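Undergrad: One structure coming up, written as structure tokens, with questions to follow.
Numbering (my numbering), first residue to last: 20 to 361.
Structural data, given as structure tokens:
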């Protein structure tokens, strides 16, 4: 839970800070002395509860509540009087150990130590973490426990508060920079919209003046004619002009349609010519590839025939050599041949 405390009295803020450090809650508390700082903090963080005084240095508490509800409609806001203490324990469901109104005296150290164990046991029973308001410090990017906060001295606590102040100033500067950029963009948009609005207003005024002039001219024509019938006869020229204009418009539409038809026909002819040209190119390339393939096949066939003839000649030569080198086998074959009966 994140709680926002807004009070223009810095001494009261210091008193509230002391009260929260003396009575730890499982919440994140942010103290601000002006309504603008509280609004900037709410724009960058999720705030669950807001306590503000009825009157601040730069605005009233009700104005601050309305602005905070515009940022986050679900935030709970409470407006306190000038000397009313913040009843934080009632909203958190914890027993309050605050002092009376206007009193900022700390409890004795012995009494606080005696009730410390009981408070821790009660918080554990209620399921509340044993951690004071969540204050981050650069110790491995973790939340400091209640024991660690109690072990810090005044100097270290002041250093933590100063570091938070620096971070708040950095966030404030970044917010102001973004706000200035958004304001400039908004001003540009407003100037553009204003210029467009003025143009439209000027055009409408011009049309209105033209309509008034036409109405005045019509009234003059009726007055000069002496009767409505004569004026109607004179206004026939207007209807004839309108009919001629409509006829001209129809002729223009027909001319435009004929022109589009001629353009479409021309594009159709061009696409057909392009198609025939590409078909001719494809036919030529196919014929050329067929000729080259046929020529390649003939060359391969001739080469295969030449190789086969050379191979057969070599085989015949080897057989002839083998036959000549074995004359005895030949004689034996010749001698045995007549004795063979078929």
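Note that the Cβ used here is the ideal one computed from N, Cα and C, for glycine as well. The model shown is predicted, which means the values in this text are computed figures rather than measured ones.
Tell me the rounded alpha-carbon separation between residue 22 and residue 212.
TA: Near 41 Å, if we compare the C-alpha coordinates of residue 212 and residue 22.
Undergrad: For residue 335, which of helix, strand or coil comes out of DSSP?
TA: Three-state DSSP puts residue 335 in a helix.
Undergrad: On the three-state DSSP scale, how would you describe residue 75?
TA: Coil.
Undergrad: Distance check for residue 275 and residue 291, CA to CA, integer angstroms please.
TA: Straight-line Cα distance between these residues: approximately 24 Å.
Undergrad: What did DSSP end up calling residue 101 once you bin it into helix, strand or coil?
TA: Residue 101 falls in the coil class under three-state DSSP.
Undergrad: If I measure Cβ to Cβ from residue 82 and keep anything under 8 Å in the same chain, skipping five residues before and after, which residues do I get?
TA: 54, listed in sequence order.
Undergrad: I'd like to know if the region 47–67 and the region 183–199 are in contact, where contact means that at least 3 CB-CB pairs between them fall below 8 Å.
TA: Judged by Cβ distances under 8 Å, the region 47–67 makes contact with the region 183–199, as three or more pairs qualify.
Undergrad: In whole angstroms, give me the CA-to-CA distance for residue 182 and residue 176.
TA: Taking the straight line from one Cα to the other gives about 10 Å.
Undergrad: May I ask you to report which of helix, strand or coil DSSP gives residue 49?
TA: Residue 49 falls in the strand class under three-state DSSP.
Undergrad: With DSSP collapsed to three states, give me the class of residue 84.
TA: Helix, per DSSP.
Undergrad: Which class does residue 25 belong to by DSSP, given the choice of helix, strand or coil?
TA: Three-state result, residue 25: strand.
Undergrad: Can you grab the Cα-Cα spacing for the pair residue 363 / residue 265, in whole Å?
TA: For the chain, the structure presents residues 20 to 361; residue 363 sits outside this window and is missing.
Undergrad: Rounding to the nearest angstrom, what Cα-Cα distance links residue 294 and residue 322 in this structure?
TA: So the alpha carbons of these two residues sit roughly 42 Å apart.
Undergrad: Could you check where the alpha helix (DSSP H) with residue 62 kicks off and where it finishes?
TA: Residues 54–63.
Undergrad: Answer yes or no: do residue 68 and residue 36 have a C-beta to C-beta separation smaller than 8 Å?
TA: No, they are not a contact pair.
Undergrad: Helix, strand or coil for residue 257, going by three-state DSSP, please let me know.
TA: DSSP places residue 257 in helix when its eight states are reduced to three.
Undergrad: Residue 96 bridges to which residues according to DSSP?
TA: DSSP lists 69 as partners of residue 96.
Undergrad: Thinking C-alpha only, which one of 47, 72, 89 is nearest residue 29?
TA: Minimum Cα distance to residue 29 is reached at 72.
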